[in-house]
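Visitor:
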Amino acid sequence: MPQVEVKWAGKRFQLEFSQEQLETATVKDLKDKCYESTHVDPARMKLMAYGAVMKNNEQRVSTYGVRDGSKLILMAAPAKADEVPGAAEGQLLAQISETTKKLNEKIVPDIESYERRVKEFVSKTAPKQPKEQQKLVEYGVYLNEQLMQILFDFDKVVCGVEFEKARQQRKEGVRQCQALLDKVDSIKALVKTV
């Protein structure tokens, strides 16, 4: 599926399009897609493609040279919470969503793979190799470090009491991360007891 990378506020977002969508998409369509990832009001966005500012919202993005694999820059003044209702919470939700996505798309599959590898190791009837055992323990430590980094990312998101939805999503992300830490520790303990 064709993708366009958008860089904004030090982060990179992958926007997916069907081939037909990408060929017919206007600048406005692209801004609407950006909004889904960043929660920045499209009216405050400026998009740059290959050094050119994409000014005309009705113009097709292909006229600016945007195609599969293009890298764009999004510029926008941060929303002031009192100017746009929900904008501040929207930005918090975007940060939380990005961290949760990283957890679910990268780390959770790694943990599932680790669990399968450990089960195979434990179920072997042949003598266990100390090097293989050590590698499995070390990989468990690596996964713990990755989960701790995710917890730090959640910790960076400061939600005021007025942002109930953001606070709840952050809390759920932290709970999930802590449960995964416990799971990795129990898997590591299996390896150590063999």
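Residue numbers (our numbering): 4 to 197. The C-beta atom is built at its ideal place from N, Cα and C for all residues, glycine as well.
1. Going by C-alpha to C-alpha distance, which of 72, 35 and 30 sits closest to residue 56?
2. Tell me which residues share the same chain as residue 199 and place their Cβ nearer than 6 Å to its Cβ, disregarding the 5 neighbours each side in the sequence.
3. From the DSSP output, in three-state form, read off residue 17 for me.
4. With DSSP as the reference, label residue 178 as helix, strand or coil.
5. Among 48, 189, 156 and 68, which residue has its Cα nearest to the Cα of residue 77?
6. Near residue 16, which residues of its chain fall below 6 Å by C-beta distance, leaving aside the five closest residues on each side in sequence?
7. In the DSSP assignment, find the beta strand (DSSP E) that holds residue 137 and state where it starts and stops.
8. Mark residue 161 as exposed unless 16 or more other C-beta atoms lie within 10 angstroms of its C-beta, in which case mark it buried.
9. Decide if residue 264 is buried, meaning its Cβ has at least 16 other Cβ atoms within 10 Å, or exposed.
10. Anyone know if the C-beta pair for residue 34 and residue 18 falls short of 8 Å?
11. Going by alpha carbons, who is nearest to residue 43 out of 98, 72 and 53?
12. Could you tell me which residues DSSP puts in a beta bridge with residue 120?
13. By DSSP, does residue 170 sit in helix, in strand, or in coil?
14. Pull up the distance between the alpha-carbon of residue 217 and that of residue 152, whole angstroms please.
15. Rounded to a whole number of angstroms, what is the C-alpha to C-alpha distance between residue 124 and residue 141?
16. Tell me the residue span of the beta strand (DSSP E) that contains residue 201.
17. Give the secondary structure of residue 85 by DSSP, where H, G and I count as helix, E and B as strand, and everything else as coil.
18. Which one or two residues does DSSP pair with residue 29 in a beta bridge?
19. Am I right that residue 111 and residue 193 are in contact with their C-beta atoms under 8 Å? What's the rounded C-beta distance?
Guide: For this structure:
1. Working through the sequence shown from its first residue, we reach residue 56 at position 53. Residue 30 is the option with its Cα nearest to residue 56.
2. What the structure shows of the chain is the stretch from 4 to 197, and residue 199 is not part of that stretch, so it cannot be assessed.
3. Numbered from its first residue, the sequence shown carries residue 17 at position 14. If DSSP states are grouped into helix, strand and coil, residue 17 belongs with the strands.
4. Taking the sequence shown and counting its residues from 1, one reaches residue 178 at position 175. Reduced to three states, the DSSP call for residue 178 is helix.
5. As a working mapping, residue 77 is identified with position 74 in the sequence shown. Nearest option by C-alpha distance: 48.
6. By 1-based counting over the sequence shown, the position of residue 16 is 13. Only 9 and 40 meet the Cβ criterion.
7. Indexing the sequence shown from 1 puts residue 137 at position 134. It is not in any beta strand (DSSP E) - residue 137 instead sits in the alpha helix (DSSP H) that spans 133-159.
8. Taking the sequence shown and counting its residues from 1, the one referred to as residue 161 is at position 158. That one is exposed.
9. There is no way to answer for residue 264, as the model of the chain reaches only from 4 to 197.
10. Here the question's residue 34 lines up with position 31 in the sequence shown. Here the question's residue 18 lines up with position 15 in the sequence shown. No, they are not a contact pair.
11. Sequence index remark: in the sequence shown, residue 43 carries index 40 (1-based). For residue 43, the nearest C-alpha among the options comes from 98.
12. By 1-based counting over the sequence shown, the position of residue 120 is 117. DSSP, once it has assigned bridges, lists no residue as partnering residue 120.
13. Taking the sequence shown and counting its residues from 1, the one referred to as residue 170 is at position 167. Shown here, residue 170 sits in a helix according to DSSP, grouped into three states.
14. Residue 217 cannot be examined here, being either before or after the span of the chain that is shown, 4 to 197.
15. Along the sequence shown, one-based indexing puts residue 124 at 121. Along the sequence shown, one-based indexing puts residue 141 at 138. Approximately 14 Å, taken between the alpha carbons.
16. Residue 201 lies beyond the range of the chain shown here (4 to 197); nothing can be said about it.
17. Locating residue 85 in the sequence shown gives position 82, counting from the first residue. In this prediction, residue 85 has a pLDDT of 47, which is less than 50 and means its spatial position is unreliable; nothing more can be read from the coordinates.
18. Residue numbering aside, residue 29 sits at position 26 when the sequence shown is read from its first letter. The partner list for residue 29 (beta bridge, DSSP) reads 63.
19. As a first step, residue 111 must be located in the sequence shown, where it is residue number 108. As a first step, residue 193 must be located in the sequence shown, where it is residue number 190. Incorrect: roughly 19 Å between the Cβ atoms, too far for contact.
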